Structures are given as structure tokens and as C-alpha cells.
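>
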Amino acid sequence: MSDLLKRIEEARAAVAQRSAVKPAIGLILGSGLGDLADQVQAPVHVPYREIPHFPVSTAPGHAGRLVLGYLEGKPVVAMQGRIHFYEGYTMEQVIFPVRVMRALGIETLIVTCAAGGLNPAFSAGDLMLITDHINTMGQDPLRGPNEEQLGPRFPAIVGAYTPELRELALDTAREIGISLQQGVYTAISGPSFNTSAELRMLQRLGGDAVGMSTVPEVIAARHMGLKVLGIACITDMALPDAPVVLTHEEVLETAERTKPVFQKLVRGVLRRI
2 MSDLLKRIEE
12 ARAAVAQRSA
22 VKPAIGLILG
32 SGLGDLADQV
42 QAPVHVPYRE
52 IPHFPVSTAP
62 GHAGRLVLGY
72 LEGKPVVAMQ
82 GRIHFYEGYT
92 MEQVIFPVRV
102 MRALGIETLI
112 VTCAAGGLNP
122 AFSAGDLMLI
132 TDHINTMGQD
142 PLRGPNEEQL
152 GPRFPAIVGA
162 YTPELRELAL
172 DTAREIGISL
182 QQGVYTAISG
192 PSFNTSAELR
202 MLQRLGGDAV
212 GMSTVPEVIA
222 ARHMGLKVLG
232 IACITDMALP
242 DAPVVLTHEE
252 VLETAERTKP
262 VFQKLVRGVL
272 RRI
């Protein structure tokens, strides 16, 4: 067994010792969106720092713990706070939690994030169903030796955001009366926000939203054969000519306001899976 597989197994075993839940669905809860994990029933909380080899969240708005239990009757494991490349972690460390969740048994990953809106038709507070992504982070998280037990050397990323789950999310939004945008998520490495010229470039590339996460985890999930649903909370409008200087605190404030709609949508999706 390779060193990576040993580390995954040691982390999995440590979590499994704390909870008998066999999760089928994993949730990654982004900036300001972690309160959904507080609604998990019969919860077991496992701080990241108590899991062997697990990176620890340092970003504001990220609690930094796994929550195992049941949500809408489904066995889940939720990341209450994620790991970012900009925190100084390697890409392998960024995707390590997804690999551990897969080892725990998940087959579906719901990944959420805060993002800036590049599409002028969007507004701050919108939810965007991620249909595809553009990786401008400068690295692929699968770079390095490949573990065949995890997935193939050259995984296909086309269709990474599972079409059936996207349709389910759209049906759910219609049923509960939520307006749901759709678009392409563009990932940057961060932590600095983009210049106006960079935002114009990302728009011309076809991006509808921009953020500093999500893509590494989705690539890792696709590599391991997981089904993926991605939802971005548009916390601000990242338009090239916007005069406003954004702060992370404002991102968290908008995520806080959007939280009830976001939680209603995710819980509605979970009921249907």
C-alpha cells in the first residue's frame, strides 16, 4: 500500500471510530454556508485537527470540522468549512478530504461555494447551478503519481457536474419556488481578488462566476467516479468596471443573507436523491 493510501485509510479509520454512520452523500460547505451542517440530525462532530493527516481550515467563515449524521433522512458527511489552495496547502492536501469521504463510502458529492458574479445578468444573492468549470488556478490537483485504486491516470472531466443531478436541482428549485441561475464557474488561486483586466479576460473565456475553490475537489471527485452537484452563492458582482472594492466580510454577509434559500434548495435536493 502506498503512503497516500495509508494516509487515507488512517484518516478514514479515525473518523469511523467516532461515528457508525455510513455516509452516502458528502457535502462541502463553502464560505458562510456552513450552518447547514448544524441541521444534521444525530450529529457527530470531528474537528479536522483530530483526524490524522487532515489539513485544517484557516479561512474566516470555515468552522473546520466534519459532521456525520442524517439530513432529510440521508446518511451524510459534511465538511463544515473547506481547505483552500491559497491557505498554503498543496493541491494534494486540498483534495485529501474528498478522498477520505470517498473512503468513508460516499457516492455523491454536493459542493458549494461563495463566488463573484461575472455574468451581468446575475445579482448578488443569486444561487448558481454550476454547469461546468474553467481551471485558471495554474495546477491540476491530480499532478504527480497516480493511484490506480483511486482512479485512472487520465480521467475525463467532461460532464463532471452530473447532468441528472443538475436536472434534479432545477426541478427542486421550480417546485419550491426558488430562482436558480446556471453557469460556468471559473477558479482562481487567490487570495487576492482579480484586477479589472483579469475579470474581463475571465468573462471572455466564458466564465459566469469566479471563486477560489471547488474545481480541485470536483476534479478529485470525478477521478474517483463520484456523482457531483455544484451550487455557487453569488455573494457579489465581480464586474470589470464596478467601482466597489470588495472585502471578505462583505462576502460572508451576503452568504448569511442567502443562507435560508440555499439551505432550502440543498435540503430539497437531498430529499429527492
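My numbering applies: residue 2 is where the sequence shown begins, and numbers increase by one.
The beta carbon of each residue, even a glycine, is placed where N, CA and C say it ideally should be.
Bear in mind the structure is a predicted one, so any value in this text is a computation, not a measurement.
1) Please confirm whether glycine 1 and aspartate 237 have their CB atoms less than 8 Å apart.
2) Check this for me: beta carbons of alanine 14 and leucine 110, under 8 Å apart or not?
3) I'd like the span of the alpha helix (DSSP H) that includes aspartate 172, first residue to last.
4) With a CB to CB cut of under 6 Å and the five nearest residues on each side skipped, what residues in its chain are close to glutamine 183?
5) Find the nearest neighbour of serine 304 within the set Ala174, Phe155 and Leu240, judged by alpha-carbon distance.
6) For arginine 175 and lysine 265, I'd like the C-alpha separation in whole angstroms.
7) So, helix, strand or coil for arginine 13, using DSSP?
8) Excluding sequence positions up to five away, which residues of its chain have a Cβ less than 6 Å from the Cβ of leucine 200?
9) If you follow the alpha helix (DSSP H) that glutamine 204 is part of, which residue opens it and which one closes it?
10) Keeping to the same chain, check which residues put their C-beta closer than 6 Å to that of leucine 227; ignore five residues upstream and five downstream.
11) Which residue wins for smallest C-alpha separation from glutamine 42, given the options Leu6, Val229, Val68 and Ala115?
12) Under 8 Å, do alanine 25 and isoleucine 107 count as touching if we go by C-beta distance?
13) Return helix, strand or coil for glutamine 183, following the three-state DSSP convention.
14) Is it buried or exposed for methionine 354, if we count other Cβ within 10 angstroms and need 16 for buried?
15) Do you know how far the Cα of valine 270 is from the Cα of glycine 145?
16) Considering only the beta carbon of each residue, do alanine 64 and glycine 27 sit closer than 8 Å?
17) Around the Cβ of arginine 100, are there at least 16 other Cβ atoms within 10 angstroms (buried) or fewer (exposed)?
18) Counting only the same chain and skipping the five closest in sequence on each side, list residues whose C-beta sits under 6 Å from that of leucine 151.
19) My output table needs one value for histidine 224: the three-state DSSP class, helix, strand or coil.
20) Return the CA-CA distance between methionine 80 and histidine 46, expressed in angstroms with no decimal places.
21) Suppose only complete runs of 3+ residues qualify. What are the beta strand (DSSP E) ranges in the segment 28-84, listed by chain order?
22) Can you grab the Cα-Cα spacing for the pair valine 78 / methionine 213, in whole Å?
23) Could you tell me which whole beta strand (DSSP E) segments of length 3 or greater appear in the segment 80-167?
24) Hey, could you find the ends of the beta strand (DSSP E) alanine 21 is sitting in?
25) Using 8 Å for Cβ pairs, my map puts valine 159 next to threonine 187. What's the rounded Cβ distance?
In short, the structure shows the following:
1) Residue coverage of the chain in this structure runs from 2 to 274, which leaves residue 1 outside it and unanswerable.
2) Using a Cβ distance threshold of 8 Å, alanine 14 and leucine 110 do not count as a contacting pair.
3) First-last of the alpha helix (DSSP H) with aspartate 172: 164-177.
4) Answer for glutamine 183: Leu130 and Thr132, listed in chain order.
5) Only positions 2 to 274 of the chain appear in this structure, which leaves residue 304 out of reach.
6) For arginine 175 and lysine 265, the gap between their C-alpha atoms comes out near 12 Å.
7) In the structure shown, arginine 13 sits in a helix (DSSP, three-state: H, G or I).
8) If we look at leucine 200 and ignore the five residues flanking it on each side, its Cβ neighbours are Ala239 and Pro241.
9) The continuous alpha helix (DSSP H) containing glutamine 204 extends over residues 197-206.
10) Excluding residues up to 5 positions away in sequence, Leu110 lie with their Cβ nearer than 6 Å to the Cβ of leucine 227 in the same chain.
11) In this structure, Val68 is the residue among Leu6, Val229, Val68 and Ala115 with its C-alpha nearest to the C-alpha of glutamine 42.
12) Yes, Cβ-Cβ distance for alanine 25 and isoleucine 107 is below 8 Å.
13) Note: glutamine 183 maps to strand in three-state DSSP.
14) Past the edges of the chain, shown from 2 to 274, lies residue 354, and the structure says nothing about it.
15) If I take the Cα positions, the gap works out to 35 Å.
16) Taking a C-beta distance under 8 Å as the contact criterion, alanine 64 and glycine 27 do not qualify as a contact pair.
17) Buried.
18) Closer than 6 Å at Cβ, skipping near neighbours: Met225.
19) For histidine 224, the three-state secondary structure derived from DSSP is helix.
20) Going from the Cα of methionine 80 to the Cα of histidine 46 covers about 10 Å.
21) If we require 3 residues or more, the beta strand (DSSP E) runs fully inside the segment 28-84 come out as 42-48, 66-72 and 75-81.
22) Between the alpha carbons of valine 78 and methionine 213 lies a distance of about 22 Å.
23) Runs of the beta strand (DSSP E) lying entirely within the segment 80-167 and spanning at least 3 residues, in chain order: 109-118 and 128-136.
24) From DSSP, alanine 21 is part of no beta strand (DSSP E); its letter is neither H nor E.
25) At roughly 17 Å, the Cβ-Cβ gap does not stay under 8 Å, so valine 159 and threonine 187 are not in contact.
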